[in-house]
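*Asks:*
Numbering (the numbering used here), first residue to last: 1101 to 1399.
And the structure:
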């Protein structure tokens, strides 16, 4: 729900604000004061910075630029879920996590749903916006796998500390691309919409959403966690329809139903069937890690 509504919140908040500067402002709020309250994750600095480069810097730079280029917010929430297929494929190749048959069928149904909606809206979507949204999805996929491999105990700490790569580079890039005059005007004419959007995206979408997300990726195989994001575009399309009057056509509705079916096939199990446990490369060979072990934070 938080991530689904996030796209409309970003789109509304971008009014009158350079997109790169808006991303930088968002992550300044993410970092302060949390950076001083949370201990640094017990991972090497290169790993931490690499996770942040893909999960925060790359994903949101491309997403904000996509929305600024005219990508409809509801459709952006859908296209970004191409990360589901990307994450499972990359995790299989890099981490050796092979999805089960149900997970594979569910992800394929989700991918079909994405295609159905994308084909239905392709004529109304600006090509640059669509390409940028796909780049955001690929960056998210890489960040998911890197976060999973790091397997930190605190997903919130990983979210905050990995974000240190975002504000300074994007602020400098905004100065270079947009110019000092536009940057200065935006910072001295911040609207209530800019402020509320920044607070929502920083506190709810980043700290709460990614704190939970990274924790789950540390506890479970990527193929178990990622399919839940197929619910995001359903919420995104409904929110865009209610707030921005985006009218979902028959393709959007049909695609949304197929997405939900993919989530059900992947995530819902019959009562009495034990929940699968994650096997991690750093554990003893053949040893399974119970879901409530010390490797993850119990939610």
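Where is the CB? At the ideal position from N, CA and C, for every residue including glycine.
Assuming residue 1177 and residue 1104 are in contact, meaning their beta carbons sit under 8 Å apart, how far apart are those beta carbons, in whole angstroms?
*Replies:* Confirmed, about 6 Å.
*Asks:* Within the same chain, show all residues whose beta-carbon is closer than 6 Å to that of residue 1372, passing over the 5 residues directly before and after it, in chain order.
*Replies:* Annotation note: pLDDT 47 at residue 1372 (below 50); position unreliable, no value reported.
*Asks:* Below 8 Å, how does it come out for the stretch 1309-1326 and the stretch 1256-1266: are there three or more Cβ pairs, yes or no?
*Replies:* Contact holds: three or more Cβ-Cβ distances are below 8 Å.
*Asks:* Residue range of the alpha helix (DSSP H) that residue 1168 falls in?
*Replies:* Its alpha helix (DSSP H) spans residues 1159-1168.
*Asks:* Spatial neighbours of residue 1241 within its chain, please: CB distance less than 6 Å, with the 5 preceding and 5 following residues excluded, ordered by chain position.
*Replies:* Same-chain partners within the cutoff: 1183, 1186, 1187 and 1190.
*Asks:* Is the stretch 1233-1250 in contact with the stretch 1144-1160, if contact means three or more CB pairs nearer than 8 Å?
*Replies:* Verdict: yes, contact present.
*Asks:* In this structure, how does DSSP classify residue 1347 when only helix, strand and coil are distinguished?
*Replies:* It is coil, neither helix nor strand.
*Asks:* Indicate the three-state DSSP secondary structure (helix, strand or coil) for residue 1147 in the structure shown.
*Replies:* Three-state result, residue 1147: helix.
*Asks:* In whole angstroms, give me the CA-to-CA distance for residue 1402 and residue 1304.
*Replies:* Because the chain here runs from 1101 to 1399, residue 1402 falls outside it and cannot be looked at.
*Asks:* Check whether the Cβ atoms of residue 1110 and residue 1297 lie closer than 8 Å to each other.
*Replies:* In this structure, residue 1297 lies closer than 8 Å to residue 1110 by Cβ.
*Asks:* Can you give me the Cβ contacts of residue 1378 inside the same chain, cut-off strictly under 7 Å, excluding the 5 residues immediately before and after it?
*Replies:* Its pLDDT being 45, under 50, residue 1378 is placed unreliably in this model, and the value from its coordinates should be taken loosely. Once the five neighbours on either side are set aside, the close Cβ partners of residue 1378 are 1319, 1320, 1321 and 1389.
*Asks:* Quick check on residue 1122: buried or exposed, where buried means 16 or more other Cβ atoms within 10 Å of its Cβ?
*Replies:* So residue 1122 ends up on the buried side.
*Asks:* Note down, in chain order, each residue of its chain lying with its Cβ closer than 8 Å to the Cβ of residue 1162, except the 5 sequence neighbours on either side.
*Replies:* Hits under 8 Å: 1232, 1233, 1235, 1236 and 1239.
*Asks:* List the endpoints of the continuous alpha helix (DSSP H) containing residue 1117.
*Replies:* Segment: none, residue 1117 is in no alpha helix (DSSP H) and carries neither H nor E.
*Asks:* Considering only residues of the stretch 1304-1356, which uninterrupted beta strand (DSSP E) runs meet the minimum length of 3 residues and lie entirely inside it, listed in chain order?
*Replies:* Whole beta strand (DSSP E) segments, 3+ residues: zero.
*Asks:* Where does residue 1190 fall in DSSP's three states?
*Replies:* Here residue 1190 sits in helix by DSSP.
*Asks:* Using the Cα positions of residue 1267 and residue 1127, report the straight-line distance between them to the nearest angstrom.
*Replies:* Cα to Cα, the separation comes out at about 6 Å.
*Asks:* To the nearest angstrom, how far is the alpha carbon of residue 1376 from that of residue 1171?
*Replies:* At residue 1376, the pLDDT of 48 sits below 50, so the modelled position is not reliable and the matter cannot be decided from this model.
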